[in-house]
Amino acid sequence: MKVNSGSIIYGDCGETHELGTGFFVHDTLMDAVKEFKSVHNRLSMMTVAAQWFDITFLNVHAPCEDAEDEVKDQFYGQLEMTYNAVPRRNIIVVLGDLNAKFGKENVFIPTIGNHSLHDTTNDNGGRFINFALGNNIIIASTKFEHKNIHKGTWVAPNGTTVNQIDHIAIQKRFINSIKDVRTYRGADCDSDHFMVVARMNIKLKKMNRGNHKKMNFCVSNFNDMGTRERYVTAIETRIAQEPTEEVQGSVNENWKDIREAIHEVSRSTLNKRRKKNKCWFNEACTAKVEERKAAKLRWLDDGGNETIKQEYYRIRRETQRFIRRTKREYYNSLIREAEDDFTHHRSRQMYQNLKRATKGYTRRETFVKDQQGNVITNQDEIAKRWVEYFSQLLSAEEPEQTLDFVFPVTVDREVRPPTFDDLKEIVSKLKNNKSCGEDEIFTELLKYGGDELIQRLRHLMDIIWEHERMPDEWKTAIITPIHKKNDPLMCDNYRGIALLNVTYKILSLLILRRLAPLSEEIIGDYQRVSVKGSRLLSTYSR
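The sequence shown begins at 9 in our numbering and counts up one residue at a time.
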């Protein structure tokens, strides 16, 4: 699930959604994730590529202290099997809510340290110590000296009872890679648990990826007539540097010159399109959350004061109500905007607002599953899976027999090249607000480019017409997967939309215009009902 600057990777949450474990991975580290596996609703694992060793994180949520022994035995049995399945060469870090208190008993040293918040070990602590002893693991969260307020990880509803039950553990051979473990109470997500942070000195593997920055031009600027005039003037000036009648070279060279000219002028004339994160969580909500955070810290510093406790609970309730009200007002405003768009015949904006108001939040999946149902996290493997899926989906078997049709055609087979007027008419009829292809040229960049740009495109089409070869870039389509329904991790639940270069669409429309007279000669009366402009189609429509 994509969230701001990273992704939340989580697995099974159970039927009641009370459990569940997962990881938040920053975008800069996403390429290093090699594997994620949800074992069950109390255990998940993630492997990250490091420079010398891979790091496997086991995120656990152990049963509480009062749980039945059978439930605890089942959990630790599953944890043992999962741990043993990890390659021995990996660095293994076990972290999460263990619901375990570790004391300061000498008999458990060096598995535990001398700086635990508690003096005695409870049953859950003893169970995890047995697991740690059997696998040569050190509980790093008890190794570092800190104030008690920086050791506790959970606070009871009374505000005075604080326990250290969330821990981080690592193999003994890698214990020196952890430089510090402590609790940060200021990280507030309205939970009774505090954030535990470990500082590790391990170099992750450098992932070299040539990420191409897409040129997202804000074509809506063309609504301003001044912007249109500046764009046309800049295009004419740029093209005048090499007049059309002097242009030479191959098809690819001519196309490259046109593409670079459009990009160069667009960068200097148009603003870059910025993604509008129109969210209901505004600055007022942030201020209320900060107020709740400050009240919580006052309560934690003096949990025995009933007045401070009640004040914190009051602010907490007010914050929840304010956030809910803000969210409700935001969606009501979307509906009002949609009504106004309908009144003023702004269909596109109306449907966008209705979609945001009715669809709500949709999580964006980062990973996919292979054909066996295993989650794939590596970006290269994900790309291979999509290639495999669309190769199977779009490939058709060749027919065993082909049928040859011979029709008398009276139309001249020598088809004349497109004229300036043909090209100008086709470009003017192209639809706006469409996604661009690999050339990163939007329809509007051609429609508002002026006659000089159309003339240069006509020269390119003449070369294509003469040599019967189009630019190599036009042969590439970008396939965008669109989710239909069911499991969003399964590629089978997606359909693909091919994004073509807009200049290739223009060539296709030019060819279609030349084929239309030929089709009139060979089409039968039984098909003439579907021909645009035919008398039969008009009669059928009436």
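Even for Gly, the Cβ is constructed at its ideal location relative to N, Cα and C.
Counting only unbroken stretches of 4 or more residues, the alpha helix (DSSP H) elements lying wholly within the segment 457-516 are 459-475, in sequence order. With distances taken between CA atoms, THR191 lies nearest to ASN156 out of PRO165, ASN156, ALA177, ILE343.
Boundaries of the beta strand (DSSP E) around ALA206: 203-208.
In the three-state reduction of the DSSP assignment, GLU43 falls in the strand class. Within the DSSP bridge table, the entry for TRP162 names ASN171, HIS201 as partners. When the beta-carbon positions are compared, GLN172 and LYS151 stay at least 7 Å from each other. Rounded to the nearest angstrom, the gap between the Cα atoms of TRP482 and TYR512 is 6 Å. For VAL11, the secondary structure class from DSSP, reduced to helix, strand or coil, is strand.
Remark: C-beta atoms of VAL510 and THR427 do not approach each other more closely than 7 Å. Here THR64 really is in contact with VAL94; their C-beta atoms are around 5 Å apart, less than 8 Å. For ASN67, the enclosing beta strand (DSSP E) stretches over residues 63-69. For THR334, the closest alpha carbon among the candidates THR294, ARG306, VAL163, LYS180 is that of THR294.
Within the segment 101-165, the runs of beta strand (DSSP E) that reach at least 3 residues and sit entirely inside it are, in chain order, 145-147. Note that the C-beta distance between ILE486 and PHE398 is not below 7 Å.
Of the candidates ILE145, GLY312, THR128, ILE145 places its Cα closest to the Cα of LEU103. With respect to the 7 Å criterion, ILE176 and SER199 are not classified as neighbours on the basis of their beta carbons. In the three-state DSSP reduction, SER52 falls in the strand class (E or B). Per DSSP, ILE331 lies in no beta strand (DSSP E) segment; the continuous alpha helix (DSSP H) that holds it begins and ends at 314-351.
Straight through space, the alpha carbons of SER341 and ASP131 are spaced by roughly 54 Å. Counting the other Cβ atoms within 10 Å of the Cβ of PHE289 gives fewer than 16, which makes it exposed. Around GLY28, the same chain offers TYR18, GLY19, ASP20, CYS21, GLY22, ASN49, HIS69 as residues with beta carbons nearer than 8 Å, after the five sequence neighbours per side are excluded. Under the Cβ criterion (8 Å, minimum of three pairs), the segment 238-247 does not count as touching the segment 78-92. Closest by C-alpha distance to THR484, out of ILE462, LEU508, MET498, TYR456, is LEU508. Listed in chain order, the non-local C-beta contacts of LYS439 below 7 Å within the same chain comprise THR451, local neighbours out to five positions each way being set aside. Per the coordinates, the alpha-carbon of ILE117 lies some 22 Å from the alpha-carbon of GLU73.
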